[in-house]
Structure formats: structure tokens, C-alpha cells
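Here the structure comes first, spelled out in C-alpha cells, and everything after it is commentary.
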Amino acid sequence: YQTFEGDLKWDHHDITYRILNYSPDMGSSLTDDAFARAFKVWSDVTPLTFTRLFDGTADIMISFGKANHGDPYPFDGKDGLLAHAYPPGEGIQGDAHFDDDEYWTLGKGPVVTTSYGNANGALCHFPFTFEGKSYTTCTTDGREDNLPWCATTADYTRDKKYGFCPSELLNTFGGNADGAPCVFPFVFLGNKYDSCTTEGRNDGYRWCATTDNYDRDTKYGFCPSRDTAVIGGNSEGEPCHFPFVFLGKTYDSCTSEGRGDGKLWCGTTASYDDDQKWGFCPDSGYSLFLVAAHEFGHALGLDHSNIRDALMYPMYSYVEDFSLHRDDIEGIQYLYGSKTGPDPTPPQPDTPTTDSYPDPDETEATDEPEPTEPTTTATPHPVDPTKDPCKFTKFDTITVIEGELHFFKDGNYWKTSSRSDAGPKGPFAVSEKWPALPAVIDSAFEDLLTRKLYFFSGTRFWVYTGKSVLGPRSIEKLGLPSSIQKVEGALQRGKGKVLLFSGENFWRLDVKAQSIDKGYPRYTDVVFGGVPSDAHDVFQYKGHSYFCRDRFYWRMNSQRQVDRVGYVKYDLLKC
Amino acid sequence: WSLPLKSVFVTFPGDIIKNMTDMEVAESYLDKYGYTKKEFRSGFQSMVSTSKALKMMQRQMGLEETGELDKPTLDAMKRPRCGVPDVAN
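Residue numbers (the numbering used here), protein chains in the order written: chain Z, 3 to 577; chain A, 26 to 114.
This is the structure:
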């Protein structure tokens, strides 16, 4: 790693940041989340904290801009240079700028958040089918108001779940009109406009009036990019026009002809030869999270590393499962020291946990006898001492047993206590404590009434009462349909009721009756808006519902609001 | 047998990136990212030679240090990256 000459660094640890504007490519909530996660990359390994300001001057001012954007280092159009940031200090120092001629995504193509409709803001599901036709982008088919929409499940005809895609006909961002939609036509400097325009601006951003006369009302907003819009060129925001004619030849899809750099482009009118209107075709885009995490490294005082896998390596490459490289950690800790608080502890022998069940509400009398035999206290098992749970991207399942979080993976499990910040204990062998179980556990829960432990693997489940076990039995015995391949999560709902999650659905199990309640399945995203619809671990912990996808968790409070998104590794596993 | 396509390159209006030769790309890259910064010695200043600058860049990027504008080096220069110079000035 490298630091800037003179080891430039902040003289305080409570760093502030402010997001000055947004890209038309991504919704503001996705952008906010990407930046927050990028800061967390650094706050997880240092004593630094990051607080967002909404006005005034922050240490790190974040903005999107194109080409000449107000500093001496202009951007260069699509690709090439993606972003830059300044080392810590006053004024422009510490600021981070992102080239808005790039296509900003989460690194894997368009991420289209929906609004209105009936999908509670879920992401578009591409491809989706509608009346027998497959769609890979938002469409206006089936509508007379020209509003683009998408299905949020694979099959609209079957599921009827949909939302509207970003469109200037639905809302704008920034400006002074509080997100009001464009009004077409509108008058600007005496001319009429039927679509968003860059006229009157020198920063290349498309805007519109939100009343019919800008000259009179001066109300305006910026136009969000549609997922079908071209990037850059001279037709930003317009869709490709297929077919289009280029040098006398007709093209029905994007082409790299005419360019030496191999980039795909299209005409945005019927004839490029006549109109010279064009733009680049949407691609995977660049991960705003990854680029921001890199730039914030600069803003904190790190220069470029020459280690290819380090975050601070100067070139962009997309990684699915990001984790901070040791080189980056050493660099930032050289400047700011390591995170305060207890260090992760190595696996230690387990101790009996007879006093580790604090919630009095959960210890009320039950209508079934408690197991008479104490559960076996597991001892650390030398199954594979090199297995470090802190290096796992995801676990087979996470659940709370006897007040402790249990993390299951490939026949082993680890535990963390809710009462201390000590790191994970383990690995323990599943086969020692629950010998009837297979290696892979998809889901598990402890019935709050009876303290029985339910384990699910594939289409089978087991019930442990102390050392006694029932099962395996088919999950169909519980009333779950034969079509589901596995149960991926469980949330206790009061006493005797448990929600079981699989795919995009959940069912409510009456534990005592051992049957599924009427009215189920229901769609997860309808009831639990804002959490990933493909969560692979769902569990209840300290009054919150947790939905995990890969290394992240979404925490939902009792009002069903997502109040925190964080890393399983740091916040739950306490690595 | 089909005839090979004759590609015709055009200048697209609004396209910021201009058609440049490989050497122009390299010189621009080395300059922009600090590899050809001026050296100050005994009161004189001189530019770092292109070969030396290329070697510095190749070392930074983990490429074979040939000092030549070979294909891996040129490919690396065309990859998307951060705009902060690699060599401080």
C-alpha cells in the first residue's frame, strides 16, 4: 500500500460526508446504500465513523459530473477514467467525484427499482414474460399512458406483480420541483420541448420543466435514465432506434461497426447517416459500491497499491464477493489504527450455557413438558481447524438456539453470544450435537413454546427435543407444497406460529397443529418490502427479523421497516 | 467464401475519446498518471524517458517490465481505472 506524501490524513475520526447530487442511472436509495456500504468497508477496520450531512460542508463531498466538472481534472466520457478523489484536507481535499458518462450500476447490469404498482418497490425481474413474450427491459406494452413498467417476478401473467420503471413521466430528481414529473410540451426561452433536453446547461444533464412553462414558473427537475436509454454519445437518455441505418447498411441491434474501440453503439433515429444521433448501448456498468470504496480510500489518505487484488489497485475489476484485502487494511490501519474494542477471539472450548437465555418473555410456562434431559454440551471438534467462519461469504443457515446465534456451514457450526462482543466460538460438529442431521442445514428454528428444535434440509425436517429426535419427515407433512425444494428461513411469530420462507413465498406454520395456516403462501416482498426477495437465511434475533443475502443482512424492525443493512461477518459473527 | 468486412471508422459527434495511435494513447496515459513527471537534478529538469516511464507503469501494474509498449501494457492502459495519478507529484 501507499499513502500520500506526508501521510495526509484526517485529524479527527468522526468523518462527515455529503452527497451533493445523484446519477440518473441509479435511484437515490440504491446510491445512498452503495455509498454507505462503501464507507462501512473502512469503518469496519478502523476507529473511523462516517456521518452523512444533508447540508453545509462535509469532510467528504460526493458528486457526479461529466467531462469538465469544476476541477482541473476533467473526465473523459464513457469508460477510461471512472472517478477520482482528493486526499484529506480542507476545501476540495477529501472530495470524491464520479464520472457520470459511465453507466453506474451495481456491476451486473441494470438494477431497476420500481415505484407504484403492487410490488412494494421491488426490483424488476429480467427477463419476465408478459402475454407469452419475454422482456429483458422495461416496456410500455399493454399500457396506453406510455409509462414503462416491468414485472417483479419471472411471469407477470401468473403472478401479476409489477411496478413502474424510472421515467420522466413519473418523476424527476434534483432540481426544485420535489420530484414532480415532466410536463410536455414545456416552454423554455420561448421554445417548445416535447422531451427532456440538455439545452441551457453545460454539464450534459437532461432536464425538463415540471409545468408547461419554465420561463414563467422556473420549476424543473432532472430526468432519470430509462433502462433502455443509451449512454453518452449525443443522445443521452434516448432509446436505440431499431432498425437504424449506418453508412447505408441497416442494423437491427447494437453494433461496434465504425468504432476502433469495439464498444457497442446504436442510432437513436432511423438513420444515423441523416441525423448523426447515437449513443452507447447499456452494458453491465460499473459497480458504484466498488468504485466508491476505492475513492473513499483516497479520501481517507490511501494512494494506489500495486497489489492487483487490493481495493486500492488503480484499475477497476468487478468482484462478486468483495472483502477488503489485507494490504488495504494494513494501509488504512497505518494511518488510523485498528478498530477499537475487543479483538476477535480464537475458537475456545464451549462452556455450558444454562444461564444464557435472558428473555423472560420466552421463558413462560409452556403447554408441553420441557425435555427432561439436558442438551449435550458440545465441545470444539477438530473437524477442520483451518476453517475460519470469518472468511465465509455465506452460511447454510443462521438461527438462534438457546439465546445464541448459531451459524451452520457444511456439517459444522459456530456460535456467538448476544451478551458479549467475543468472536465466534467453534467449529463444532453438527453430527456430535445432532447426530441425525445431514451436513447441510437449510433452515432451523427453536419453537419458543416447547424449546423443540426444528431443522430443515432439502425437503425433509427433523425435530429435536434434547437428545431425542423425530424424523426425517417430509415437509409435505407440515402442509408445505411438494414443489418447494427447501425451506430457507424461519421467523417466529408469537408463540406457536412460525413463518417459513422458500423462494419468493412464505407460509405460516402452526407449530402445535403441525399445519400451514390458511391464506398462505404469501409473497415475501409484499409483506417484507425492502429486503432481498432471494434471501437465503431468514431468522429472528433480539426482536428484529434478519434477511441475509451473501455477506449482507437486512434488519427489519417490528414496524417492518428496514432499519439497518450490514455485514453478517462483522455485526453478527463479530469477526 | 465471404469477403472480409472492410471496417470504416468514423468520428462520432459528441464522442470525447478521439481516435489516437497506440503511442499517443501511451504518452497520454503515462503523462496523466504521473509516470513522466519531470525529474529535478542539479537545478536542471528533464522528462523521464518513455521507456523508463513504461517500466514504472509496468511495475505498478504487475506486468512484465519490458520498457516496451507491448500488447499487455497497451491493454492495461485501455482498462477502466481511477483518475488519481499512480505517481505522486
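For glycine and all other residues, C-beta sits at the position ideal for the given N, C-alpha and C.
The three-state reading of DSSP puts ALA441 of chain Z in coil, since its state is none of H, G, I, E or B. Within chain Z, the C-beta atoms nearer than 7 Å to that of PRO38 of chain A come from ASN236, GLN278, in chain order. Neighbours of GLY260 of chain Z across chain A, judged by C-beta separation under 7 Å: VAL33, PHE34, VAL35.
Distance check between PRO168 of chain Z and each of Z:GLY181, Z:GLY177, Z:ASP161, Z:THR159 places Z:GLY181 closest, using alpha-carbon atoms only. Residue range 62-67 is occupied by the beta strand (DSSP E) that includes MET63 of chain Z.
Of all residues in the stretch 84-106 of chain Z, only LEU84, ALA85, HIS86, ALA87 place a beta-carbon less than 7 Å from a beta-carbon of chain A. For PHE6 of chain Z, the residues of chain A that pass the 8 Å Cβ criterion are ALA113, in the order they occur in the chain. Excluding five sequence positions before and after ALA312 of chain Z, the CB atoms of its chain that fall closer than 6 Å to its own CB belong to HIS327, ASP329, ASP330, given in chain order.
From the listed residues Z:ASN173, Z:GLY235, Z:SER504, Z:ILE486, the smallest Cα separation to THR212 of chain Z is found for Z:ASN173.
Across the structure, PHE244 of chain Z and THR270 of chain Z are spaced so that their CA atoms are roughly 8 Å apart.
Beta-bridge pairing by DSSP links HIS86 of chain Z to Z:HIS99.
For TYR216 of chain Z, the enclosing alpha helix (DSSP H) starts and ends at 216-219. HIS408 of chain Z has a beta carbon lying at 8 Å or more from every beta carbon in chain A. The Cβ neighbour count for ILE94 of chain Z, taken over all protein chains shown within 10 Å, is under 16; the residue is labelled exposed.
Within the stretch 218-278 of chain Z, the complete beta strand (DSSP E) segments at least 3 residues long are 222-224, 246-248, 251-253, 267-269, listed from N- to C-terminus. DSSP places LEU125 of chain Z in the strand class (E or B) of the three-state scheme. For ASP56 of chain A, the enclosing alpha helix (DSSP H) covers residues 47-57. At a Cβ-Cβ threshold of 8 Å, ASP46 of chain Z and TYR572 of chain Z count as neighbours. Against chain Z, the beta carbon of VAL109 of chain A has neighbours under 7 Å at HIS86, ALA87, HIS300, HIS306, listed in chain order. Contact annotation: in the stretch 73-96 of chain A, residues whose CB is within less than 9 Å of a CB in chain Z are ARG84, GLN85, MET86, GLY87.
For LYS435 of chain Z, the secondary structure class from DSSP, reduced to helix, strand or coil, is helix.
Note that the C-beta distance between LEU407 of chain Z and TRP106 of chain Z is not below 8 Å. When only Cα atoms are considered, GLY264 of chain Z and THR36 of chain A end up about 14 Å apart. ASP527 of chain Z: member of the alpha helix (DSSP H) spanning 526-529, first to last residue. For a cut-off of 8 Å, the C-beta gap from ALA301 of chain Z to TYR88 of chain Z is around 7 Å, short enough to register as a contact.
Judged by beta-carbon spacing, SER25 of chain Z lies beyond the 8 Å limit of PHE56 of chain Z, meaning their Cβ atoms are not closer than that value. Within the stretch 323-339 of chain Z, not one residue has a Cβ closer than 9 Å to any Cβ of chain A. Annotation for GLN83 of chain A: the continuous alpha helix (DSSP H) segment containing it runs 75-85. For LYS194 of chain Z, the three-state secondary structure derived from DSSP is strand.
The stretch 475-485 of chain Z makes no contact with the stretch 436-455 of chain Z: fewer than 3 CB pairs, one atom from each, lie closer than 8 Å.
Here PHE6 of chain Z has PRO89, GLY303, ASP305 as same chain residues with Cβ atoms under 7 Å from its own Cβ, once five neighbours each way along the sequence are excluded.
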